[in-house]
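In full-length UniProt numbering, the protein residues as written are 1 to 181. C-beta atoms are modelled at their ideal positions from N, C-alpha and C, and glycine is treated no differently. Values in this document were obtained by computation on a predicted structure and should not be read as measured data.
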Amino acid sequence: MTLFPQRLSSMVYADHLEFDYIETYSLLRGLEYETQLKSIQKEYNLLEVRLKKRNNLSESELKRHTELNGQVAGLQYLLNPQGQFHFSSIKTHTFKTGSAEVARLTTILKTEIKEVPFWMCSPIYRDAIVFYNSSHEIVSVLNVCLSCNRLHTLQTGQIDADDHCYHLLKQFFTEIGHEVE
1 MTLFPQRLSS MVYADHLEFD YIETYSLLRG LEYETQLKSI QKEYNLLEVR
51 LKKRNNLSES ELKRHTELNG QVAGLQYLLN PQGQFHFSSI KTHTFKTGSA
101 EVARLTTILK TEIKEVPFWM CSPIYRDAIV FYNSSHEIVS VLNVCLSCNR
151 LHTLQTGQID ADDHCYHLLK QFFTEIGHEV E
């Protein structure tokens with residue numbers, strides 16, 4: 001795995017990726033997710049109240065509180081820092097390097113940067129692309145927010161891309177049958 005400095009362009013990111021296939025994922029959407037989130041939020045709130053009022057959580061309850069906190073608070077990514085897929089993630093497609101879809105994705109990521117969008121909202125990464133090597137190891141995970149036009153990887157942080165790149169990514173996802181809002 002190649003490590004990059006913080007904040008690089010989508011063009012540099014794409015140029016340095018060495019992978020054999022990709023998988024696309026959808027997360028943080030749908031009725032099943034909403035139902036599961038309510039259940040998780042309820043469990044988290046009960047533990048949170050006990051922790052703050054009495055500080056009497058057992059070791060296993062403290063571990064569960066931390067786990068649930070990662071699922072209900074802050075930014076959500078396809079993979080957590082322990083490398084586990086988000087509970088709501090659904091793999092939508094797999095494409096090998098050399099396929100028309102991977103070639104198109106690479107072209108999209110290499111869109112010349114003329115204008116980097118900057119929205120004042122917090123991103124919600126509902127889409128992701130996972131790059132794998134021939135040993136089926138994850139090379140990189142590209143988290144995508146099509147609402148506020150942000151790309152993020154855990155290795156590099158934010159990736160800057162041209163405003164038009166997000167339109168093309170949305171089109172790409174839609175055309176392969178990956179549901180987007």
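*Please work out which residues of its chain come closer than 7 Å, Cβ to Cβ, to residue 191, disregarding the five sequence neighbours upstream and downstream, and give them in chain order.*
Residue 191 falls outside the range modelled here, since the chain spans only 1 to 181, and no answer is possible.
*Going by alpha carbons, who is nearest to residue 109 out of 42, 167, 30?*
167
*asked:* What would DSSP say about residue 25, mapped onto helix, strand or coil?
replied: strand
*Straight-line gap, residue 118 to residue 149 (C-alpha atoms, nearest Å)*: 8 Å
*Host alpha helix (DSSP H) of residue 150 (start-end)*: Per DSSP, residue 150 belongs to no alpha helix (DSSP H); it is in the beta strand (DSSP E), 150-153.
*Sheet register partners of residue 93 (DSSP bridge)*: 24
_Coarse secondary structure for residue 128, derived from DSSP in three states_ = strand
*Going along the chain, which unbroken runs of the alpha helix (DSSP H) with 4 or more residues stay wholly within the region 25-110?*
31-53, 59-72, 100-109
*Is residue 165 helix, strand or coil when you go by DSSP?*
helix
_Inter-residue CB distance, residue 89 and residue 105 (contact presumed, cutoff 8 Å)_ = Rounded, the Cβ-Cβ distance is 19 Å, inconsistent with contact.
*Decide if residue 135 is buried, meaning its Cβ has at least 16 other Cβ atoms within 10 Å, or exposed.*
exposed
*Indicate the three-state DSSP secondary structure (helix, strand or coil) for residue 12 in the structure shown.*
helix
*From which residue to which residue does the beta strand (DSSP E) around residue 121 run?*
Where residue 121 is concerned, there is no enclosing beta strand (DSSP E), given that its DSSP letter is neither H nor E.
_Between the region 91-105 and the region 23-42, can you find at least three pairs of beta-carbon atoms closer than 8 Å?_
yes
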